[in-house]
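What follows is a short report on a single structure.
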Amino acid sequence: MLCAFLDRVQPRPGRRPDRRAGAGAAARRAGRDRPEPSTAEPRYSAMTRNGQDDSSLPTIVVVNDDPALRHALRFALGVEGFAVRTFARGEEALHAPDLPDLACVVAEATLADMSGLDLVGRLRRGRARLPAVLITSNPSLRLRRDAADAGVPLIEQPLRGDSVVNGVLALLTGRGEAEPRAHRHKA
């Protein structure tokens with residue numbers, strides 16, 4: 001199900017997106033445009049099995065300028081039981097209230113106002129081991145090296161299946177890279 005949803009919002013190369021599905025299809029056929037969503041989106045938290053809101057859930061921050069991808073990631077991470085905050089710009093995430101309970105950052109490598117690595121570095125001040133994942137298409141060798149030095153895994157676009165969710169889960173369960181190379185201890 002998630003793969004089909006991601007194909008709609010981020011089609012694989014050589015494939016046309018399925019424009020027939022979704023609430024916006026009728027509006028597109030009628031020639032109406034949907035209003036642009038605000039860049040800072042509200043906090044969405046997952047619900048417990050009994051339907052009660054659980055504010056003790058780990059919070060994941062998603063920073064990406066693509067509203068469809070933000071929505072897809074918010075949905076996919078919410079299904080896994082995370083509270084998710086989404087932002088279009090890095091500065092919005094930096095100045096957002098109530099981020100002390102932040103569990104992980106998922107950011108685009110190149111944001112409109114800063115690089116994803118700069119955002120992660122600024123969010124890590126005071127939280128040196130804050131897990132983070134960068135999403136990018138066609139990463140340069142320098143970006144790969146800088147991300148590896150910062151302990152931030154890269155996930156390349158187009159996203160396949162649950163690659164971001166699996167990356168976040170790996171970081172939070174200790175199976176992924178979350179510590180900068182300079183701070184690692186050799187065994």
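Under full-length UniProt numbering, the letters of the sequence shown match residues 1 to 187, in that order. Where a beta carbon is used, it is the ideal one built from N, C-alpha and C, also for glycine.
Query: Residue(s) in a DSSP beta bridge with Val61; Result: Arg85 and Val105
Query: Nearest-angstrom Cα separation, counted from Arg142 out to Ala46; Result: In this predicted model, Ala46 has a pLDDT of only 45, less than 50, meaning its place in the structure is not dependable; the value taken from the coordinates is given anyway. Looking at the two C-alpha atoms, the distance is approximately 37 Å.
Query: Cβ-based neighbour list, Val120, same chain, cut-off 8 Å, excluding 5 preceding and 5 following; Result: Val105, Ala107, Leu130, Ala132, Leu134, Ala150 and Val152
Query: Coarse secondary structure for Glu92, derived from DSSP in three states; Result: helix
Query: Distance between Gly161 and His95 (C-alpha atoms, nearest Å); Result: 31 Å
Query: According to DSSP, residues forming a beta bridge with Ala132; Result: Val105
Query: Short CB-CB distance (under 8 Å) between Ala107 and chain C; Result: Although the question refers to chain C, the structure presented lacks it and comprises just one protein chain.
Query: Exposure label - Arg85; buried when at least 16 CB within 10 Å; Result: buried
Query: With 16 other Cβ atoms within 10 Å as the buried cut-off, status of Thr173; Result: exposed
Query: Alpha-carbon spacing of Leu99 relative to Ala93, whole angstroms; Result: 9 Å
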